[in-house]
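Position one of the sequence shown corresponds to residue 1 (the working numbering), numbered consecutively onward.
All C-beta atoms in this analysis are idealised placements derived from N, C-alpha and C, irrespective of residue type, glycine included.
Predicted model, so just to flag it, every value in this text is computed and none were measured.
In what follows, a single structure is set out as structure tokens and then discussed.
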Amino acid sequence: MEFFIEPIPTWALCYLINGDPTGLTDDEIAMIDKWYADNKVQTVTTASEDEGECHPYFSHFPAFGLPAEVTDCYVMTF
Numbered sequence: 001m002e003f004f005i006e007p008i009p010t011w012a013l014c015y016l017i018n019g020d021p022t023g024l025t026d027d028e029i030a031m032i033d034k035w036y037a038d039n040k041v042q043t044v045t046t047a048s049e050d051e052g053e054c055h056p057y058f059s060h061f062p063a064f065g066l067p068a069e070v071t072d073c074y075v076m077t078f
């Protein structure tokens, strides 16, 4: 297993961490699922040590999708 820090779009966090697709389109879900499968992702967690200490920022190069507000997350892959 390997761990990486990836800039994950904030709009995708509820789906990736909690499995809640509320508010996402079918295309967004498909994009997230493709990234998850292509990278053999096992888990995604925020890279912050303390609850509520996530610091979103804008990125032109998120892990997937168009430029967006992102949060750095630990990504564990196979």
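Euclidean distance between Cα positions of residue i and residue j
| i | j | result |
| --- | --- | --- |
| C54 | E2 | 22 Å |
| P56 | T10 | 7 Å |
| P67 | M31 | 14 Å |
| T77 | F64 | 16 Å |
| V75 | G19 | 15 Å |
| F61 | A37 | 19 Å |
| S59 | I8 | 9 Å |
| I17 | V44 | 6 Å |
| S48 | Q42 | 18 Å |
| G23 | D33 | 16 Å |
Residues sharing a beta bridge with residue i, DSSP
| i | result |
| --- | --- |
| I5 | Y74 |
| A68 | S59 |
Inter-residue CB distance, residue i and residue j (contact presumed, cutoff 8 Å)
| i | j | result |
| --- | --- | --- |
| I29 | D72 | The Cβ separation is near 22 Å, so there is no contact. |
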